[in-house]
Amino acid sequence: MAEPCWVPGRADWDVLRPNFAARCGEADGAKRRDSSRPARPVQATSRPRSIAAMPAPCPPSADPLVALADRCVQCGLCLPACPTYRQDGMEPESPRGRIALARAWALDAIPVTPAGEAHLAHCLGCRACESACPAGVRFGALLALARSRQRERRPVPRRQRWLEALAARPRLLAALLRAYAWLAAPVPRRLRPVPVPPPADACDPVRLRHATVMPPFPDATAARAQQTTGGPAGDAGPVALFVGCAGRAYESPARAALVRLLEAAGIATTVPSGQGCCGSLHAHAGNATAAASLAARNAAAFAGHRQVLTLASGCHEAVAAAMRAGTAAVDALQLLATHVERLGFRPTRERAALHLPCTQRNIVRSDGALRRLLAAVPGLEVVALDAGSGCCGASGTHFLLEPAQASAHRAPLLAQLHASGATRLLSANLGCRLHLQGGTCLPVEHPLEFLARHLEAPTPRR
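2 is the number of the first residue of the sequence shown in my numbering; add one for each residue after it.
Shown next, in the form of structure tokens:
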């Protein structure tokens, strides 16, 4: 077993402080101390009292998981940001606790137990801890490694295997979801395991089966297209749309809305064939092999395109990591926000609740772009849903595999939603929308759908 690294205590800093002060140009380290306050007596310690006698810092571990875990200084600043710790108040349900468990298992310091495995499995992967961490711990990468090793230690649940297999086959998944929509039509809404997919939009580029450039519609956007010809959007060429797995069936209205908004900005679109699931569901479950295979498939499908637009914030990071040099993944909201001056919206008196998914806040960071777009709609009142930790608990397939835990995270947001007086709920991540839609009768939609519905048709030039 490796000997633990020595960490300086308070008394040791009394020895280190003069050396740090000398490096900063001070003759005496005591100058920083208030002379009116008596010096704190240094307690006896068995640790070495001279710089020369102090042990050297531990070299970086050859184990990548341990190297990631060693960046954690155990300050605990991540605890208030963690949804599972806020709910349970248990140290193993916190990022700090999970890092300690994963590190100890990697070093064979403690045995792996079912309880410990459950604590690791409960992590929602929201990455709020990364935003709060002053040491820059890459918890997302650490979690992926830990779950990959967890997958090697124990059998994968059958439902998880099925979900991964279906996600890797988007066309089969879309066909099954269409059949589910037909079969679930007579079933009361509250008894359905997941919401039924919406009808396919007539303007959905996937429905039109286009793998070629879709120019702006002349009747609706001729004036704006003329204004933007030769501009930045035109010079960049058509942007490619990423469809995803479940998004093929569930995000038809959102894709059609995005196409309308891009047309209004004078930007052409294309939907390359051969693309598939982003692989984040597989990576989140520790299936690194399947995630890498799906990433390679998408990299080949989008080769040669300068920009790839993502609609779901949960897909963005995996798509961005898969792209080859010369191809950049861009969040659709961020692209539209850079051209917001080209978009005109009709006034409204509506009050809409805005849920910011964890992936949008902590990874994509497109929440500012979304707020700028919504602020361009005259008269719109936006109510932010931030109750609890702000996390709805969907976490990919977590709301399907652990519905009770996911519902507990969702409950504060739904209570805030129903008390807000909002007439609809906007959320930029598909999984979050499906999970939230299962707990409310209010319309739940992608912000792009709301924006496209209030888009003001330009007046054609004479």
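For every residue, glycine included, the Cβ atom is placed at its ideal position computed from N, Cα and C.
Nearest-angstrom beta carbon gap, residue j and residue i [assumed within contact, 8 Å]
i, j, result
"residue 333", "residue 310", "5 Å"
"residue 393", "residue 442", "Actually they are not in contact, since the Cβ atoms of residue 393 and residue 442 sit about 17 Å apart, beyond 8 Å."
"residue 440", "residue 87", "Not confirmed; about 19 Å, so no contact."
"residue 202", "residue 253", "5 Å"
"residue 349", "residue 331", "That pair is no contact at about 27 Å."
"residue 195", "residue 435", "6 Å"
"residue 302", "residue 431", "20 Å between Cβ atoms; not a contact."
"residue 198", "residue 241", "No, residue 198 and residue 241 are not in contact; Cβ-Cβ is about 23 Å, not under 8 Å."
"residue 356", "residue 428", "4 Å"
"residue 337", "residue 266", "7 Å"
Pairwise C-alpha distance: residue j and residue i
i, j, result
"residue 52", "residue 92", "With a pLDDT of 42 at residue 52, under the threshold of 50, the predicted position of this residue should be treated as unreliable, and no value is reported."
"residue 447", "residue 189", "24 Å"
"residue 98", "residue 162", "27 Å"
"residue 137", "residue 245", "30 Å"
"residue 408", "residue 123", "13 Å"
"residue 272", "residue 305", "13 Å"
"residue 48", "residue 75", "Residue confidence is low: residue 48 scores 44 on pLDDT, short of 50, so the model does not pin down where it sits. Its coordinate-derived value is still stated next. Cα to Cα, residue 48 sits roughly 21 Å from residue 75."
"residue 167", "residue 308", "27 Å"
"residue 461", "residue 359", "Unreliable positioning characterises residue 461 in this predicted model, as indicated by a pLDDT of 45, which lies under 50. The coordinate reading is nonetheless provided below. Their backbone Cα atoms lie some 41 Å apart in a straight line."
"residue 455", "residue 371", "15 Å"
"residue 404", "residue 343", "43 Å"
"residue 384", "residue 85", "25 Å"
"residue 437", "residue 366", "21 Å"
"residue 191", "residue 400", "15 Å"
"residue 449", "residue 397", "21 Å"
"residue 55", "residue 134", "At residue 55 the pLDDT is 45, less than 50, meaning the model places this residue with poor confidence and gives no usable figure here."
"residue 90", "residue 402", "22 Å"
"residue 64", "residue 391", "34 Å"
"residue 176", "residue 325", "31 Å"
"residue 227", "residue 335", "Here the model assigns residue 227 a pLDDT of 30, short of 50, so the residue's position is not dependable and the matter cannot be decided."
"residue 387", "residue 278", "30 Å"
"residue 451", "residue 457", "12 Å"
"residue 239", "residue 270", "5 Å"
"residue 94", "residue 68", "21 Å"
"residue 321", "residue 297", "12 Å"
"residue 261", "residue 113", "53 Å"
"residue 160", "residue 78", "35 Å"
"residue 257", "residue 263", "10 Å"
"residue 410", "residue 125", "10 Å"
"residue 346", "residue 247", "30 Å"
"residue 8", "residue 107", "Bear in mind that a pLDDT of 39 at residue 8, under 50, signals an unreliable position, so the number given afterwards is only what the model happens to contain. Cα-Cα distance, rounded: 20 Å."
"residue 444", "residue 150", "40 Å"
"residue 139", "residue 300", "24 Å"
"residue 243", "residue 329", "12 Å"
Which residues DSSP lists as bridging residue i, in chain order
i, result
"residue 123", "Its beta-bridge partners do not exist; DSSP assigns none."
"residue 310", "242, 331"
"residue 271", "241"
"residue 355", "385, 427"
"residue 446", "427"
"residue 456", "346"
Closer than 8 Å to chain D by CB, residue i
i, result
"residue 391", "Given the protein chain composition of this structure (a single chain), no chain D is represented."
(request) Write down every uninterrupted run of the beta strand (DSSP E) in the stretch 373-399 whose length is 3 residues or greater and which is fully enclosed by it, in chain order. (result) 382-386
(message) I'd like to know if the stretch 130-145 and the stretch 93-112 are in contact, where contact means that at least 3 CB-CB pairs between them fall below 8 Å.
(response) yes
(request) Determine, using beta-carbon pairs with one atom in the stretch 166-181 and one in the stretch 413-424, whether at least three such pairs fall under 8 Å. (result) no
(request) Scan the stretch 143-218 and note each continuous alpha helix (DSSP H) run of 4 residues or more that stays entirely inside, going in chain order. (result) 159-168, 171-184
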